[in-house]
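Residue numbering for the sequence shown follows our numbering, starting at 30 and increasing by one per position. Beta carbons: idealized from backbone N, C-alpha and C, even for Gly.
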Amino acid sequence: MTKDIYTYDVRCRTCRTLFKVQLFESHEKNLFLVDKKDWYCEKCKKEYFSEQTTKLSRVHQAIGFPELNGSLKMVSWAEKVRAELINKIDYLKKSLTFENDDEKELSEKAFDMFFKEWQEKTEAKWWIDHRKMTVRNISKRVAEISELIKKK
Ligand SMILES: [Zn+2]
């Protein structure tokens, strides 16, 4: 079955400019989308992304993360990934319980070192490549670092 491509006129929510989009669903569904979806023109999308990216970049620099290198599109994506990954660390940290103060101190040191590893990643591409990193992956790396500290 070949899918028809329909072109529709939609209006940008921000600047109200009319522009064309191609939709690939059934005609009824497309009309529904044209009507219900929030559409943004390329120009407004770009401005929105760069605003969001600048905000995230500022938040990250305040906690010691460097500005990222790469194309605007990649940096914008990487900043979002970085925010999500940092949230995962926070989540992990909050979920931990300790038997005693030594354990707690070791964990804090390991997290610090782990954080430093990430603070050295200045390429947007690195963050995009690691976007699927899970809380479990982070936990594993922190455990490895803890072992290294213990051996010292
Ligand atoms: Zn617009």
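Enclosing alpha helix (DSSP H) for residue i [first to last residue]
i, result
"ARG87", "71-91"
"LYS154", "153-158"
"ASP131", "130-148"
"ARG111", "101-124"
"ASP38", "Counting along the chain, ASP38 falls outside any alpha helix (DSSP H), though it belongs to the beta strand (DSSP E) covering 35-40."
Nearest-angstrom beta carbon gap, residue j and residue i [assumed within contact, 8 Å]
i, j, result
"ARG42", "TYR77", "ARG42 to TYR77, Cβ: 10 Å. No contact."
"GLU152", "ASN98", "5 Å"
Residue i beta carbon near ligand 1 (any heavy atom closer than 7 Å)
i, result
"LYS72", "yes"
"TYR69", "yes"
"THR82", "no"
"SER46", "Correcting the residue type first, residue 46 is Thr in the shown sequence and not Ser. For ligand 1, at least one heavy atom lies less than 7 Å from the Cβ of THR46."
"THR36", "no"
"THR163", "no"
"THR151", "no"
"THR43", "yes"
Beta carbon of residue i nearer than 8 Å to that of residue j
i, j, result
"ALA139", "VAL171", "yes"
"LYS49", "ASP38", "yes"
"GLY93", "GLN51", "no"
"SER105", "GLU96", "no"
"LEU121", "ILE174", "no"
"ILE34", "PHE53", "yes"
Extent of the continuous beta strand (DSSP E) run through residue i
i, result
"PHE48", "47-52"
Inter-stretch contact (C-beta, 8 Å, three-pair minimum) for the region 150-165 and the region 102-116: yes
Assess, as a yes-or-no matter, whether the region 78-89 is touched by the region 125-141 under the definition of 3 or more beta carbon pairs within less than 8 Å. no
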